[in-house]
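If you count by my numbering, then the sequence shown holds residues 6 to 281, one letter each, in order.
We put the beta carbon where it would ideally sit given N, CA and C, even for glycine.
These numbers were taken from a predicted model, which means no experiment stands behind them.
As structure tokens, the structure follows; a few thoughts come after it.
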Amino acid sequence: MATYIVGDLHGCFDELQLLLDKVNFNPSQDVLYCTGDLVARGNKSLECLRFIKSLAGSAKIVLGNHDLHLLATALGIKKIKARDRVDSIFASPDFHALIDWLRRQPLLIHNAEQNFVLAHAGISPDWDLATAKACATEVEQVLQFGNYYDLIENMYDNHPERWSPDLQGIERLRYSINAFTRMRFCYWDHRLDFACKAPINQAPPELTAWFNLSNPLYKTTNIIFGHWASLVDSPTPENIYALDTGCVWGNRLTLLRWEDKHYFTQPALKSAVDFA
């Protein structure tokens, strides 16, 4: 039995299958974790959704920003973008079942036995593990059981920039969604920044990667995330694992076997220009 964690799929279904073949993945024995963003930009988002859903308990995912955006388009809140290449999802006979399954997935997974935390973008620099789990649960409860239309409709905003335990209502939920699914750079005072998308070594001095800020959680907990394709091959702290290696942009898909921390990679089958 092995535990594998794969970076953002973005519809790169064929590369995923090749990776799983490399490790002889056996869903009756092994478990596959996904860093989120199963869909968008690649040409086989429908196949990715169907496959991960079909694995049932052998696959565990966290929601990414593109997964949440798919929910928004399914609700009619946002229009389908041609560049997202998700038309096949909307035309599929199992569309409603796929969307219902997707909205019931978590924002955070804490595997206490194997000592790791998984989130699409990371963990807020102002959160300890208990707070992160509580904030994830608050959003998940609305997505799964509450008025999730209002939540999705009102999640598209960059404010509040900084966490406070006094946040309430949509501002509290929105901050949590942004931290879990959109965060990359932060200001040194822990405010989230969403404007800078430069490579980490080209960021302005007032910004730094979220995992470089002072938070005891970052030193005591293994944190696995995706989302940040331009971070590929950049160093991270020893217990911070960045798995989005930009397959959909022509780079590679990365799979981590947790037990021995061995990485497996599969080069993209299409070049970045094919996804323009």
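Alpha carbon to alpha carbon, how far is W193 from S93? Give it in angstroms, no decimals.
-> So the alpha carbons of these two residues sit roughly 42 Å apart.
Could you give the DSSP three-state label for P221: helix, strand or coil?
-> It is helical.
My understanding is that N183 touches L197, with C-beta atoms under 8 Å, so please give their C-beta distance in whole angstroms.
-> About 6 Å; that satisfies the 8 Å criterion.
Would you decide whether M160 is buried or exposed? Buried here means 16 or more other CB atoms lie within 10 Å of its CB.
-> It counts as buried.
Spatial neighbours of R257 within its chain, please: CB distance less than 7 Å, with the 5 preceding and 5 following residues excluded, ordered by chain position.
-> Excluding residues within five positions, the ones whose Cβ falls inside 7 Å are T250, T270, Q271, P272, A273.
Is the shortest distance between the beta-carbon of V91 and the beta-carbons of chain B less than 8 Å?
-> Absent from the structure is chain B; it holds one protein chain and no more.
Going straight from the alpha carbon of P32 to that of L60, what length do you get?
-> Note on geometry: alpha-carbon atoms of P32 and L60 lie some 7 Å from one another.
If W168 and S129 are in contact, beta carbons under 8 Å, what's the gap, nearest whole angstrom?
-> The pair is a contact, with the Cβ atoms about 5 Å apart (cut-off 8 Å).
Could you tell me which residues DSSP pairs with R262 in its beta bridges?
-> R262 pairs with Y9, H267.
Using beta-carbon positions only, say whether L112 and F185 come within less than 8 Å of one another.
-> Taking 8 Å as the Cβ cut-off, L112 and F185 qualify as a contacting pair.
Taking only the alpha-carbon atoms, compute the straight-line gap between A87 and E176 and give it to the nearest angstrom.
-> Roughly 30 Å separates the two Cα atoms.
Which runs of the alpha helix (DSSP H), 4 residues or longer, sit entirely within the region 18-64?
-> Complete alpha helix (DSSP H) runs here, min 4: 18-27, 50-59.
When you compare only the Cα positions, how much space is there between K138 and L73?
-> Between the alpha carbons of K138 and L73 lies a distance of about 19 Å.
Backbone CA spacing between D89 and S235 [nearest angstrom] = Whole-angstrom Cα-Cα distance: 19 Å.
Can you tell which of P240, N48, F30 has the C-alpha that lies nearest to the C-alpha of I10?
-> Of the candidates P240, N48, F30, the one whose C-alpha sits nearest the C-alpha of I10 is F30.
Coil, strand or helix - T250 by DSSP = T250: coil per DSSP, three-state reduction.
Is H232 near A126, with beta carbons less than 8 Å apart?
-> Taking a C-beta distance under 8 Å as the contact criterion, H232 and A126 qualify as a contact pair.
Kindly list the residues whose CB is nearer than 7 Å to the CB of R187, restricted to its own chain and excluding five residues on each side of it in sequence; keep chain order.
-> If we look at R187 and ignore the five residues flanking it on each side, its Cβ neighbours are N70, A126, F199.
From which residue to which residue does the beta strand (DSSP E) around V122 run?
-> For V122, the enclosing beta strand (DSSP E) stretches over residues 121-124.
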